[in-house]
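Trainee: Numbered by the working numbering, the letters in the sequence shown go through residues -11 to 487 in order. The beta carbon of each residue, even a glycine, is placed where N, CA and C say it ideally should be.
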Amino acid sequence: MFNPTSPMPKKNFARAGVLFAAGAIILTSGTIPLAYASGAAASTQGSANTENTRSAGLTSPIANNLSLKLVNWTKEAESPLKLRKSASNAATALASIPENTALQVTESAGRWAKVFYNKQTGWVPAGSLRDISARKVNWNKETERSMPLRKAPDNSADTQYIIAAGQPVTVVASYVRWAKIKHQSSTGWVPAGWLRDKSDVTSEPEPSPLPQPEAPKNETLQSDVLKTWGQPDLRDEFTYVDQSGKPAVDPSIWNVRGRDTLGLLPDKTVVAKDQVSVDESGIAHLKADWLDQPISAKTAPFERVMETGYMDMRSLREGDADYAQRYGRWEIRAKVPTKAGTSNGVLAAFWLRNENSGEIDIMESWGSSPTPPSYQKVGTSTTTVHTQTSGKNNQKKFWVLERELGITEHVADKFHTWALEYTPDRFAMYYDGKLAFETTPNESPDIWGPSFQSPLHVRLNLHMGMSEKYFGLPDPTKKQETQNSDFQVDYVRVWDMKK
């Protein structure tokens, strides 16, 4: 289901040669067929469309006595609102909705509208909603890479098919960072930044070309995963934009941490919010950089020499994003900064924790100095399970994924995918879509033991210097041994295993 939680900026902004404007779409809800609004933001036309939609609404048999009406509009919050449990100002407030947020309206009841917001359904005053519209355009573009043509401007929308790179397309509407295009006889939505002007392609080589970063793939879901798990329950491909129209981390999904909430961690860094960012192509970056001046601490390590990025999905204070589940599938596509010789002290991690001190490190990749000891897992990624992280008697079990699969390629050379499937009877790890290992309660009972009886939440961070033995300590006198520390994340997807 589309989850339009991003605030809609009121000004147009340019990106990758495409002009964007705040826009509206009418979305698919259940089995009710709906259409997309692609007309110019004509107020008279919008009003007529709204009236037609109302007159065509379907009355729910269950709701007849309550005067409920099933509708299919997308509106915008005219002012900050409270999402309420029922159609009453006295009802419990479920969430605060920022001004200019796009909302999917699914029912109406008198002066109230039932809307979907931030993975919740609730009620808001209908008079506080207004129409929004997509900007009608007519541009001839070309696909910069292969990409899915989606039915809605959202990464969780269904894919119609994959468009190959270099295909001519016509952009007929824009909606924030998305473009509605016509390709051959089909119409759908693609990320606008993945389109280019035809004149961008030249047969003449440019002098002294600069090296280009590897393009993210944002690959569509594998058919076997869809067949088994369906669409993800939580999916972030980092397409959120803030109120100024700039790419940012979605605050309804992630908490970007700083020293104010985490204090000082047991490594050589200070956690800083500005070390987390999202670029124009939809890649999240968790970076570690050298501090101009070291920070002294009363606990070991007594000198912090770097600052780093940290994100999670746990609630530490009121208003934090909070998502956890006991069983399911967790997947990430990322590029780790653990190149040999320039990653001394680095540990990139995608991991799970719960309230029982159980920890599952889905992916940890260790950095190395130019001369690492033989026992360091150089050039690899590891899955580790800890039964106890806040006391003694920790039962630890780990698997080096590349060794399980016989892979010799260095893990830091390109983007990879890591996925964990954890169910009541199976614990299985996939690397780039291949099964690396699996185990069962009979073989590994601790993984289903007392430490794993509560829901697990996601954490994503770049540790620097937690262990001199395993991945080294960053040394300010040898900065060349710890550089380009940029943990790049293309997407995170989570499936909940329903009871």
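(1) Tell me which same chain residues have a C-beta within less than 8 Å of the C-beta of Arg247, skipping the five on either side of it?
(2) If you follow the beta strand (DSSP E) that Val178 is part of, which residue opens it and which one closes it?
(3) How would you write the range of the beta strand (DSSP E) that Val112 sits in, first residue to last?
(4) Checking contacts by CB at 8 Å: is Phe459 closer than that to chain C?
(5) Tell me the DSSP secondary structure of Pro464 in three-state form.
(6) Ignore the nearest five residues each way along the sequence and tell me which others in Thr32's own chain have a CB closer than 8 Å to its CB.
(7) Per DSSP, what kind of secondary structure is Phe290 in: helix, strand or coil?
(8) Determine whether the beta carbon atoms of Phe104 and Thr94 lie at a separation below 8 Å.
(9) Over the uninterrupted beta strand (DSSP E) stretch that includes Trp100, give me the two end residues.
(10) Kindly give me the distance between the Cβ atoms of Ile348 and Val477, rounded to whole angstroms, as I take these residues to be in contact under 8 Å.
(11) Check Val213 in the structure and name its three-state DSSP category.
(12) Should Ser162 go down as buried or exposed, given a rule of 16 or more other Cβ atoms within 10 Å for buried?
(13) Once the 5 residues before and after Val293 are set aside, which same chain residues still bring their CB inside 7 Å of it?
(14) Which value, in whole angstroms, describes the spacing of the CA atoms of Ala83 and Ser67?
(15) What is the residue span of the beta strand (DSSP E) that Arg72 lies within?
(16) Secondary structure at Arg341, three-state DSSP: helix, strand or coil?
(17) Using the Cα positions of Gly346 and Glu392, report the straight-line distance between them to the nearest angstrom.
(18) Can you give the beta carbon distance from Lys384 to Ser432, rounded, assuming they're within the 8 Å contact cut?
(19) Is there contact here, the stretch 351 to 364 with the stretch 439 to 449, by at least three beta-carbon pairs under 8 Å?
(20) Skipping 5 residues on each side, what residues in its chain have a beta carbon closer than 6 Å to that of Asp474?
(21) Taking the continuous alpha helix (DSSP H) assigned at Met249, which residues delimit it?
(22) Please report how far the alpha carbon of Thr371 lies from the alpha carbon of Phe415, in whole angstroms.
(23) Taking DSSP's pairing of strands, which residues face Arg414 in a bridge?
(24) Between the C-alpha atoms of Leu54 and Val388, what's the straight-line distance to the nearest angstrom?
(25) Could you check how far apart the C-beta atoms of Trp406 and Ser369 are, in whole angstroms? I think they sit under 8 Å.
(26) Does any heavy atom of the ligand HEM sit closer than 7 Å to the C-beta of Trp354?
(27) Run the CB neighbour count on Asp238, radius 10 Å, all protein chains shown included, and call it buried at 16 or more, exposed below.
(28) With burial defined as no fewer than 16 other Cβ atoms inside 10 Å of the residue's Cβ, what is the status of Glu225: buried or exposed?
(29) Use the C-beta contact count for Ile150: other C-beta atoms within 10 angstroms, 16 or more gives buried, fewer gives exposed.
(30) Going by C-alpha distance, which of Gln108, Lys107 and Pro113 is nearest Pro98?
(31) Whose C-beta lies closer than 6 Å to the C-beta of Lys205 among residues of the same chain, with five residues either side of it excluded?
(32) Please report how far the alpha carbon of Thr109 lies from the alpha carbon of Val157, in whole angstroms.
(33) Kindly give me the distance between the Cβ atoms of Val178 and Arg138, rounded to whole angstroms, as I take these residues to be in contact under 8 Å.
(34) What residue range does the beta strand (DSSP E) around Leu389 cover?
(35) What residues are listed by DSSP as bridge partners for Thr359?
(36) Taking only the alpha-carbon atoms, compute the straight-line gap between Ala285 and Gly218 and give it to the nearest angstrom.
Mentor: Taking the structure as given:
(1) Val258, Val259 and Ala260
(2) Ser174 to Pro179
(3) Gln108 to Pro113
(4) Considering every chain present, this structure includes no chain C. It has just one protein chain.
(5) helix
(6) Bear in mind that the predicted position of Thr32 carries a pLDDT of just 31, short of 50, making it unreliable; the figure below should be weighed with that in mind. Correct list: empty, nothing qualifies.
(7) coil
(8) yes
(9) Trp100 to Tyr105
(10) Going by Cβ atoms, the distance from Ile348 to Val477 rounds to 18 Å, so no, they are not a contact pair.
(11) helix
(12) Only buried fits Ser162, as 16 or more other CB atoms lie within 10 angstroms of its CB.
(13) Lys256, Trp278, Leu279, Pro282, Pro462 and Pro464
(14) Computed Cα separation, rounded: 14 Å.
(15) Leu69 to Arg72
(16) strand
(17) 24 Å
(18) So it is not a contact: roughly 11 Å between Cβ atoms.
(19) No, the stretch 351 to 364 does not touch the stretch 439 to 449.
(20) His273, Lys275 and Pro325
(21) The sequence given here has Thr at residue 249, not Met. Here the alpha helix (DSSP H) through Thr249 covers Arg247 to Leu250.
(22) One C-alpha to the other measures close to 11 Å.
(23) Thr411
(24) Unreliable placement is indicated for Leu54, whose pLDDT of 33 sits below 50; the coordinate value is still reported in the next sentence. If you take the alpha carbons of Leu54 and Val388, they lie about 58 Å apart.
(25) 7 Å
(26) As far as ligands go, the structure on display features none, and thus does not contain the ligand HEM.
(27) buried
(28) With 16 or more other Cβ atoms within 10 Å, it is buried.
(29) exposed
(30) The amino acid occupying residue 98 in the given sequence is Gly; Pro does not appear at that position. The shortest C-alpha to C-alpha distance from Gly98 to any of Gln108, Lys107 and Pro113 is the one to Pro113.
(31) Low confidence applies to Lys205: its pLDDT is 46, below 50, so where it sits in the model is not reliable, and the reading given next is rough at best. Here the set comprises nothing.
(32) 36 Å
(33) The C-beta distance from Val178 to Arg138 rounds to 7 Å, short enough to meet the 8 Å contact threshold.
(34) Segment Leu389 to Leu393 is the alpha helix (DSSP H) holding Leu389; no beta strand (DSSP E) there.
(35) In the DSSP output, where bridge partners are listed per residue, Thr359 has none listed.
(36) 48 Å
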